[in-house]
Each structure stands twice: as structure tokens, then as C-alpha cells.
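Quick note on my numbering: the sequence shown kicks off at 5 and runs consecutively. We treat Cβ as the ideally placed atom computed from N, Cα and C, and that holds for glycine. All remarks here apply to the structure that follows.
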Amino acid sequence: MSSNLEIQRICEWCNKLFIARTTTTRYCSHSCNSKAYKNAKREERKKQFEVTAIGYQTMQEIEQVSEKYETIKNKDFLTVSETAFLLSVGRTTIYRYLHSGTLSSFQTNGKTFIRRDDIDALFDNSEQYKACPSKDRKPITDLYTVSEIKEKFNVTDSWIFKIAKENNIPKTLSRGKSYFSKKHIDRYFESRIDQRTLEVDSWYSVEEIQEKYNLSRAAIYSFVSENNIPRKKEGRYVLYSQPHFDLAKGFVKPEYYSVEEAMQKYDLTRDALYHYLTYHNIPKIKEGRYIKISKPELDKLFEIQIT
């Protein structure tokens with residue numbers, strides 16, 4: 005039920021004046037309410053951390069710890085909880101020591117006891133502490149400027165910063181200019197290159213496909229996805245391989261191998277053939293129960309490997 009009340013209040017988060025509809029409203033918007041709630045949680049966690057870091061805060065707690073220590077310090081056999089208290093670790097850690105054989109124990113009636121001498125022996129027979137050698141990372145000195153990336157890969161400024169953030173590409177700032185690791189940038193773009201695009205010399209824009217085949221944009225995107233048409237990006241625009249698109253639409257008469265013909269010609273098992281088809285994105289179609297494989301693409305693949 006809506007309220008007819010109109011109460012002027014000051015938001016406890018942003019200090020802006022607003023009209024409240026109830027007497028308990030403290031914030032001017034849901035956004036301020038959320039920010040205040042998150043800040044309160046942060047302060048609560050911070051306070052808990054400070055308490056843990058400082059240690060026991062009251063004399064009563066100190067006395068309780070002292071009493072517990074006095075109780076167990078002369079015991080020859082300790083429970084798992086007492087052992088964990090003595091070593092200042094969790095019970096899970098003690099059980100891990102027991103399972104690995106680092107500590108010995110005696111079990112009876114569902115209880116586990118650990119001999120105090122065995123705990124002391126851990127330190128009597130311990131080896132000298134060896135610090136882990138530090139791994140000195142070599143500084144990254146081979147860098148691209150934003151302009152160099154734009155020119156080489158034909159992308160926009162915003163795209164560069166977007167992929168750098170999403171892929172954790174090392175970046176540095178010098179005199180107000182951003183520089184990116186050359187090795188990481190090259191590796192990212194190499195991983196996105198469809199090797200088939202290197203041999204395509206004619207491309208369709210979306211508008212050209214619409215004009216030639218009278219297709220909607222949605223139909224084009226669906227078709228190129230279903231038929232695995234090679235694509236490349238130039239600036240803001242995506243281009244599609246003209247020969248592959250025409251072949252998939254039946255504009256060019258396709259040539260195909262049957263699976264048995266391809267296996268026989270290149271002396272392959274069925275599993276090996278399907279591996280090549282998947283790994284190298286070789287176009288194929290299904291006619292009834294049978295798979296037909298693009299003859300030019302498969303021939304091209306094995307000609308490259310032979311040479």
C-alpha cells in the first residue's frame with residue numbers, strides 16, 4: 005500500500021535532501037542503501053580483522069588461555085583439540101599430520117590421543133629451515149604503444165583496453181601514455197586467427213550479402229555460424245569469406261569426398277580423419293546418413309602438410 009506521507013530527510017550516505025514516504029527511510033535511493041550496507045559490512049570485517057591481529061582483547065580471555073595451557077602443559081597424552089591448541093593450528097591440520105604419518109596416535113573408543121613426546125620430537129629431529137628461492141621476474145621491455153596496436157591489428161582504442169583487461173595483458177603507463185606487452189598482445193591475436201582466412205582474397209561485408217542474397221542480418225549471422233564461414237574484423241566491421249559463403253549457398257558447385265574416399269586416398273583411419281576435420285575446420289555436409297567432406301579444403305590441407 006502506498007503512503008501519502010511526505011517527509012523531508014537528508015540521505016545518510018550522500019547527504020542529499022529527499023522526500024521520504026515512511027518515517028524509517030534513511031536513504032534517498034536503492035543505490036545509496038546498497039552502498040551504505042556494503043560499507044557497514046566492510047567496517048565490520050575490518051573490525052574483526054583488527055581484533056584478530058591484536059590478539060586477545062580482554063584479561064578474561066588471556067586468563068582463559070592461560071588456564072587451558074596450565075591444564076595441558078604437563079599432560080603426557082593430548083587429544084586432537086589440545087594438540088591443535090598447543091601448536092596454534094586447526095584440528096584439520098592435526099588430522100592431516102596423523103594421516104601423513106608426521107604424528108603418531110593411539111585410538112580407543114572413538115577417541116584419539118597423541119603422545120607429548122612425539123610432538124616434541126617433531127622439533128628435535130627437524131631440518132634446518134630452507135627459504136624458497138625467489139623467482140626474479142624479468143622486466144617486460146618489449147612494448148607496443150596504442151597507436152602501434154591499432155595500426156597493426158586494425159582495432160579501436162576501446163577494443164585494446166577491453167581485451168587487455170579481460171586477458172590480464174601487462175600494461176604500463178609512462179608520461180601519460182599506455183604501453184602493452186608485445187609478446188602478450190601478439191599471442192592474443194595469433195590465437196584468434198582462423199588459418200583459413202590467410203588464403204582468402206575476397207570478402208563480403210554484411211551489406212553486400214544482404215544485397216546479393218536478400219537475407220536479413222539475423223539470417224546472415226545464423227547462416228555463417230551454422231556453416232562455419234571464415235571471418236575477419238576490420239575496424240568496427242566484420243567481413244565474411246566470399247568463396248566459402250558462395251559455396252555454402254550453392255552458388256559455386258561444390259566438390260566432396262565421401263568418408264571412405266578420403267580415408268582411402270590419404271590412408272587414414274576414420275578417427276584420424278574426423279580429428280583433421282575438427283581441428284582444421286574442414287567444411288562438411290550431411291546427406292541422409294552420409295557425411296560429405298569438402299574436396300578442395302581437404303586436398304589443400306594435405307598438400308600443405310606434404311610440402
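Item                                                                                                        : Value
Whole-angstrom distance between Ser298 and Lys288, CA atom to CA atom                                       : 6 Å
Assumed close pair Phe117, Leu82 - CB separation to whole angstroms, cut-off 8 Å                            : 7 Å
Opening and closing residue of the alpha helix (DSSP H) in which Glu238 lies                                : Per DSSP, Glu238 belongs to no alpha helix (DSSP H); it is in the beta strand (DSSP E), 235-238.
Any C-beta of chain D under 8 Å from that of Lys156                                                         : Considering every chain present, this structure includes no chain D. It has just one protein chain.
Minimum C-alpha distance to Gly114 - residue among Lys39, Ala223, Val84                                     : Val84
Contact belief for Ile123 with Leu102 at Cβ below 8 Å, rounded distance in angstroms                        : That pair is no contact at about 12 Å.
Rounded Cβ spacing between Arg235 and Tyr225 (contact assumed at less than 8 Å)                             : Not a contact, Cβ separation roughly 10 Å.
Distance between beta carbons of Leu277 and Val263, contact taken as under 8 Å                              : 7 Å
Beta strand (DSSP E) runs wholly inside the stretch 5-29, at least 3 long, in chain order                   : 11-14, 21-24
Spatial distance of Trp207 from Glu215 (CA atoms)                                                           : 14 Å
Short Cβ contact (8 Å threshold) for Leu219 with Phe184                                                     : no
Where the alpha helix (DSSP H) through Ser182 begins and ends                                               : Per DSSP, Ser182 belongs to no alpha helix (DSSP H); it is in the beta strand (DSSP E), 181-185.
Minimum length 4: unbroken alpha helix (DSSP H) runs contained in the stretch 242-289                       : 246-253, 263-270, 274-283
Cβ-based burial, Glu170 [other Cβ within 10 Å; buried from 16]                                              : exposed
Nearest residue (CA-CA) to Lys237, options Ser195, Phe157, Arg274                                           : Phe157
Rounded distance between the beta-carbons of Ile286 and Tyr294, thought under 8 Å                           : Not confirmed; about 16 Å, so no contact.
Glu47, buried or exposed, once every other Cβ within 10 Å from all chains shown has been counted against 16 : exposed
Tyr167 and His188 closer than 8 Å at C-beta                                                                 : Strictly speaking, residue 167 in this sequence is Ile, with Tyr absent from that position. No, these two residues do not count as a Cβ contact at 8 Å.
Rounded C-alpha distance that separates Tyr260 from Leu272                                                  : 17 Å
Span of the alpha helix (DSSP H) around Thr87                                                               : 84-91
Under 8 Å between C-beta atoms of Ile11 and Ala24                                                           : yes
Boundaries of the alpha helix (DSSP H) in which Lys154 is found, first to last residue                      : 150-157
Alpha-carbon spacing of Ile213 relative to Leu177, whole angstroms                                          : 43 Å
Exposure of Tyr283, with buried meaning 16 or more beta-carbon neighbours within 10 Å                       : exposed
Cα-Cα separation between Lys304 and Ser35, rounded to whole angstroms                                       : 59 Å
7 Å CB neighbourhood of Val150 in its chain, flanking five on each side removed                             : Asp161, Ile164, Ser182
Same chain, Cβ closer than 7 Å to Glu301, five either side skipped, listed in chain order                   : Ile286, Pro287
Cβ-Cβ distance between Arg120 and Lys79 below 8 Å                                                           : yes
For Thr176, three-class secondary structure by DSSP                                                         : strand
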